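Beneath this line is the structure, given in structure tokens, with notes to follow.
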Amino acid sequence: MTAPLLSVQKLSTRFHTPRGVLTAVNEVSFDVRPGEIFGLVGESGSGKSVTLRSLTRLLPYGATIDGVVLWQGQDLVGMSDTAIRKVRGGQISMIFQEPMTALNPVLPIRVQITENLKAHTDLDSSGRAARARELLDIVGIPDAARRLDEYPHQFSGGMRQRAMIAIALASNPKLLLADEPTTALDVTIQDQILNLLLDLRDDLGMSVVFVTHDLGVVAATCDRMAVMYAGRIVETGTVTDVFRGPMHAYTRGLLGSIPRSGTERSMLLSIEGTPPGLASIPNGCAFHPRCVFASDICREKRPDLRPLGPDRAVACHHSDAVLAAGSVLA
Amino acid sequence: MPLTEFIVRRLLQLIPTLIFILIVVFVLVRLLPGDPTSAILGDRGTDADIARINRQLGIDQPIWVQFWLFVKSVMSLDFGNSIVLKRPVTELIAQRLPITVALTLLAALISVLLAVPLAFVAALRRDKLADNAIRGAFQVGLSMPVFYLGLILLTVFGARLHWFPVGGYGDTFFDRLYHLILPATTLALSLSAILMRNLRAAIIGVVDAEYVSFARAKGLAPRLILIRHVLRNALISTVTLFGLSIGTLLGGAVITETVFAIPGAGRLMVDSIYGRDYPVVQGLTIALAVLVSVTFLLTDLLQAYLDPRVAR
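Protein chains in written order, with the working numbering: chain A, 5 to 334; chain B, 4 to 315.
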């Protein structure tokens, strides 16, 4: 097993609000290996996006982060602001869900690419211009020379997402953090962007942490995955293992809610109820009020995340029963 | 090039605006109580005198003929002679208006210099002591009438501390600038309060925008993020407000010039209204209206420059 590129250990993120402290991410641990695409999956409010942003401390004012994020022998959580700026955009880049709001509307794409190069490379201005053109070529934006001087509103949705990826790739990062980068796109465009990310991973040897609520996207792109619920990881494993035999009732429920083609028409399973708010996370297992497998112990004792193999872990008192119930996909 | 197209289109829009201004001014002046003939003659004029003056002023002509003559003379920048001062109105405007423009520009500059840095401090220290202090101080400034504020500044910095002259207007450029600082500050305070509040809110809105997160994710220096990504976007709405406020500022100049005894267009306007000096009122109104229209035009152009989405 190769050494991890990024190692997250007991990461907790808290927001200090006038109504008290809210724990959005609770003791989350995972590794990302070189060249791998790691999926973080969950419903809205599960803490997956906050986890992603906590890695490089891109959080709103007033949030505190505990734990260790080990990157090339250094802990990003304890690093100085100046030092982490070298990591951000240079070694670890990020792309966002909504390219329309993540690109600055009043700056031409050229400026938004070259400012990254200026911060992280020694290129002179003609070198930066050449690199900017090259980047648009890499992400498949035709007519790069002309498009560099255009503004985000002159790009189509898919092209905007490509432009954002070009910006993120500018300084050859080793890790790309992708926060639902395809959620806002049409399905056809979504496929193109996913294929682009897969190609880039292969060509540039990057690793990717891919946050999404879309299990179809996970199946198509990720190598390993972690399922988050109410700020914690409840199940993790290779995508194949998790899809074939989910061991947490929540994962099983999520898998049951994907519509499938090519099979006999069957009822879509949906998980009853809604995920809890951060201020009212239930005692015991946070999922128990929505869980069909729940028993007394689930209401009283929170299950630990038990390792079941090198790549597999689950936090469920009834994982055997869940596994025995079988994947709804099988 | 869409920007040139935008400028041309915007310039063409100026024409109907100017025609409308001419109609309004023409009608308004004729709606004012009292008539110029009796203003010239006083109450001792005979019927023959009245008829003669009416003929001289063209008041005996049908109204549309009067309007046509009015438009023709405005086009050749001829606003007639002042009834009271017995000098061409154009000459009076050329003499007085630059003073008011200088006062307004200086006030605009001061309000920006006050508002922009303080809005930044207030927005970035949101709901902290600095924010509350700045907002509180400006609230006081905003709720005080211009003439009262002017008198306070005059008493403290002019009469008491002798830092600035108490009134009048100098001879050399720097002397004039020196004379204008106190009145311009008076004029600037309420505008800067409005601008500060608007910009503070805009910055707070922009700071949370996703593109600012993206800029942080690129590892840019905080100062670069603030200027290039935050300020640039936050300024768009404030620039519009600023441009629209220039008209109000010109109105405020009338009061300020009176308080500080500055011989500008504002004073001339007040004096002419009292003296029923219609040609001057008419000429000044048109000049000010054109000035405001041009400011709006410049505001639009500046906004188009700041926000590429405008010029489409």
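Each residue gets a CB set at the ideal place from its N, CA and C atoms; glycine is no exception. Predicted, not measured: the structure shown is a model, and the values here were computed from it.
Item: P311/A - partner residues in DSSP beta bridges; Value: A317/A
Item: Enclosing beta strand (DSSP E) for H124/A [first to last residue]; Value: From DSSP, H124/A is part of no beta strand (DSSP E) but of the alpha helix (DSSP H) over I113 to H124.
Item: Chain B within 7 angstroms of R92/A, Cβ atoms only; Value: yes
Item: S323/A in three-state terms, based on DSSP; Value: helix
Item: For A126/B and E8/B, the rounded distance between their alpha carbons; Value: 37 angstroms
Item: Spatially closest choice to H217/A from P38/A, G288/A and V45/A, by CA coordinates; Value: V45/A
Item: For L181/A, the residue or residues it bridges with in DSSP; Value: M98/A and V213/A
Item: Beta-carbon neighbours of N108/A, restricted to chain B and to distances below 9 angstroms; Value: A212, Y214, V215, F217, A218, R231, H232, R235 and N236
Item: Of the listed residues G39/A, P8/A and S16/A, nearest to G209/A (C-alpha basis); Value: G39/A
Item: Where the beta strand (DSSP E) containing N84/B begins and where it ends; Value: It is not in any beta strand (DSSP E) - N84/B carries neither H nor E in the DSSP assignment.
Item: Where the beta strand (DSSP E) containing K90/A begins and where it ends; Value: Careful: K90/A lies outside any beta strand (DSSP E), inside the alpha helix (DSSP H) at D85 to V91.
Item: C-alpha distance - L10/A paired with D300/A, whole-angstrom precision; Value: 38 angstroms
Item: Nearest-angstrom Cα separation, counted from T241/B out to A317/A; Value: 54 angstroms
Item: Helix, strand or coil at G48/B [DSSP, three-state]; Value: coil
Item: Distance between T189/B and P120/B (C-alpha atoms, nearest Å); Value: 19 angstroms
Item: Min CB distance D324/A to chain B below 7 angstroms; Value: no
Item: Extent of the continuous beta strand (DSSP E) run through A230/A; Value: R228 to Y233
Item: Residues of its chain near E47/A, where Cβ-Cβ distance is below 7 angstroms and the 5 sequence neighbours each way are ignored; Value: H217 and P279
Item: Span separating the alpha-carbon of G66/A from that of P146/A; Value: 42 angstroms
Item: Any chain B beta carbon closer than 7 angstroms to N346/A; Value: This structure does not reach residue 346/A, given that chain A is present from 5 up to 334, and the question cannot be answered.
Item: Check whether G170/B and A264/B have beta carbons under 7 angstroms apart; Value: yes
Item: Within-7 angstroms CB hit, F100/A to chain B; Value: yes
Item: Same chain, Cβ closer than 6 angstroms to L234/B, neighbours up to 5 away in sequence not counted; Value: none
Item: Identity of the residue in G93/A, D126/A and A136/A nearest R114/A by Cα; Value: A136/A
Item: Start-end ranges of the alpha helix (DSSP H) lying completely within the segment 60–106 of chain B, minimum 4 residues; Value: 66–78
Item: Interface partners of D303/B on chain A, CB under 7 angstroms; Value: By Cβ distance, chain A contributes nothing, its closest Cβ being about 16 angstroms from D303/B, past 7 angstroms.
Item: Supposed close pair T288/B, I249/B - CB separation, criterion 8 angstroms; Value: Going by Cβ atoms, the distance from T288/B to I249/B rounds to 16 angstroms, so no, they are not a contact pair.
Item: T158/B versus F141/B, L132/B, F177/B and P186/B, residue with shortest Cα-Cα distance; Value: P186/B
Item: R89/A: contacting residues in chain B (beta-carbon distance under 8 angstroms); Value: G222, L223 and A224
Item: Where Y233/A falls, given that 16 or more other Cβ within 10 Å makes a residue buried; Value: buried
Item: Cutoff 7 angstroms; reference V320/B; Cβ partners in own chain excluding five residues on either side; Value: This structure cannot settle anything about residue 320/B, because the visible part of chain B is limited to 4 through 315.
Item: Delimiting residues of the beta strand (DSSP E) encompassing D310/B; Value: From DSSP, D310/B is part of no beta strand (DSSP E); its letter is neither H nor E.
Item: At least 3 beta-carbon pairs within less than 8 angstroms: the segment 174–186 of chain A vs the segment 90–110 of chain A; Value: yes
Item: CB of A218/B within 7 angstroms of CB of I228/B, strictly; Value: yes
Item: Any alpha helix (DSSP H) of 4 or more consecutive residues that is wholly inside the segment 36–68 of chain A; Value: 52–59
Item: Close Cβ partners of E304/A (< 6 angstroms) along its chain, the five nearest in sequence each way excluded; Value: G288
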